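**Q**
Residue numbers (my numbering): 1 to 201.
(1) For residue 67, I'd like the list of residues in its chain whose CB is within less than 6 Å of its CB, leaving aside the five on either flank, ordered along the chain.
(2) Taking the alpha carbon of residue 140 as the reference point, which residue from 118, 160, 169, 175 has its own alpha carbon closest?
(3) Cα separation between residue 183 and residue 170?
(4) Is residue 173 near residue 154, with beta carbons less than 8 Å apart?
(5) Which stretch, first to last residue, makes up the alpha helix (DSSP H) that contains residue 79?
(6) For residue 51 and residue 8, I'd like the C-alpha separation in whole angstroms.
(7) Taking the beta carbon of residue 71 as the centre, do at least 16 other beta carbons fall within 10 Å, making it buried, or is it exposed?
(8) Kindly list the residues whose CB is nearer than 8 Å to the CB of residue 135, restricted to its own chain and excluding five residues on each side of it in sequence; keep chain order.
(9) I'd like to check one pair, residue 180 with residue 166: are the Cβ atoms closer than 8 Å?
(10) Only counting the same chain, and skipping five residues up and downstream in sequence, which positions put a Cβ closer than 6 Å to that of residue 16?
(11) Near residue 31, which residues of its chain fall below 7 Å by C-beta distance, leaving aside the five closest residues on each side in sequence?
(12) Under 8 Å between the Cβ atoms of residue 40 and residue 27?
(13) Residues in the same chain with beta-carbon distance under 6 Å from residue 92, minus the five sequence neighbours each way, listed in chain order, please.
(14) Once you ignore the five residues that flank residue 35 on each side, which residues in its own chain have a CB closer than 6 Å to its CB?
(15) On a CA-only basis, which of 128, 148, 58 is nearest residue 11? Give me that one, please.
(16) So, under 8 Å CB-CB, residue 53 and residue 13 are touching, yes? Tell me the CB distance rounded to an integer number of Å.
(17) Taking the alpha carbon of residue 47 as the reference point, which residue from 146, 62, 168, 124 has its own alpha carbon closest?
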């Protein structure tokens, strides 16, 4: 007879009821030793709770939030074992704004909003860079995104070049970046592609 495998699948949820009749929800999350059950806080939003408990719903914000919750749980457990603190030091309601800021705990909605904003920002950037060549995209990103000087970019692209060569190459990088800026302004004018306001430039 084949032995049944009772190992829960990743991000599966379970509910346990304590002696006082209170329900406690857990999610099976990744840990350093494989997987572990993480008890969830009392999530105030019903729709978010359903999404957290659904093992087939795995957007980046949910995975990131559960990972952060698990790290917070491990930190509390380790501190408790060292007797540096106790659960009594934490409020009954974990969503108090002051405690959220002090302990780094965030609502899952915050993670979802941040992911949505990042995705929208990436779409805008991709649209802005659309008329550029690959080299123009690269140099513009290194210059404006990473804050590198033209000489730094030239040196990064040509590590064996002499200083006099770097100076000439840096001028080429500058011209490339300027052409990229002109191409963007020609394509999109003075505003972001997702806005009609000059203030959004």
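All residues carry an ideal CB built from backbone N, CA and C; glycine is no exception.
All of these numbers come straight from a predicted model, not from anything done at the bench.
**A** Quick answer:
(1) Position 67 of the chain shown, counted from the first residue, corresponds to residue 67. Hits under 6 Å: none found.
(2) Locating residue 140 in the chain shown gives position 140, counting from the first residue. Closest option to residue 140, Cα to Cα, is 175.
(3) As a position in the chain shown, residue 183 is number 183, starting the count at 1. As a position in the chain shown, residue 170 is number 170, starting the count at 1. Straight-line Cα distance between these residues: approximately 20 Å.
(4) Along the chain shown, one-based indexing puts residue 173 at 173. Along the chain shown, one-based indexing puts residue 154 at 154. Yes; because the gap between Cβ atoms is below 8 Å, this pair is in contact.
(5) Indexing the chain shown from 1 puts residue 79 at position 79. Note, residue 79: alpha helix (DSSP H), 60 to 81.
(6) Position 51 of the chain shown, counted from the start, is the residue given in the question as residue 51. Position 8 of the chain shown, counted from the start, is the residue given in the question as residue 8. Cα to Cα, residue 51 sits roughly 18 Å from residue 8.
(7) The residue labelled residue 71 in the question sits at position 71 within the chain shown. Label assigned to residue 71: exposed.
(8) Translated into the one-based positions of the chain shown, residue 135 becomes position 135. Hits under 8 Å: 176.
(9) Reading the chain shown from its first residue, position 166 is the one you call residue 166. Reading the chain shown from its first residue, position 180 is the one you call residue 180. Against a cut-off of 8 Å, the Cβ pair of residue 180 and residue 166 comes out as no contact.
(10) The residue labelled residue 16 in the question sits at position 16 within the chain shown. Same-chain partners within the cutoff: 24.
(11) On the chain shown, residue 31 is found 31 positions in, with the first residue counted as 1. 70.
(12) Within the chain shown, residue 40 is the residue found at index 40, counting from 1. Within the chain shown, residue 27 is the residue found at index 27, counting from 1. Yes, these two residues count as a Cβ contact at 8 Å.
(13) For the purposes of this step, residue 92 is taken as residue 92 along the chain shown, with counting starting at 1. Residue placement at residue 92 is poorly supported in this model, since its pLDDT is 39, which falls under 50; the coordinates still yield a value, given next. Same-chain partners within the cutoff: there are none.
(14) Taking the chain shown and counting its residues from 1, one reaches residue 35 at position 35. Excluding positions up to five away in sequence, the list reads 28.
(15) In the chain shown, residue 11 corresponds to position 11, counting from 1. Checking every option, the nearest Cα to that of residue 11 belongs to 58.
(16) The sequence position of residue 53 within the chain shown is 53, counting from 1. The sequence position of residue 13 within the chain shown is 13, counting from 1. Correct: roughly 4 Å between the Cβ atoms.
(17) Sequence index remark: in the chain shown, residue 47 carries index 47 (1-based). Residue 47 has its Cα closest to that of 62, out of 146, 62, 168, 124.
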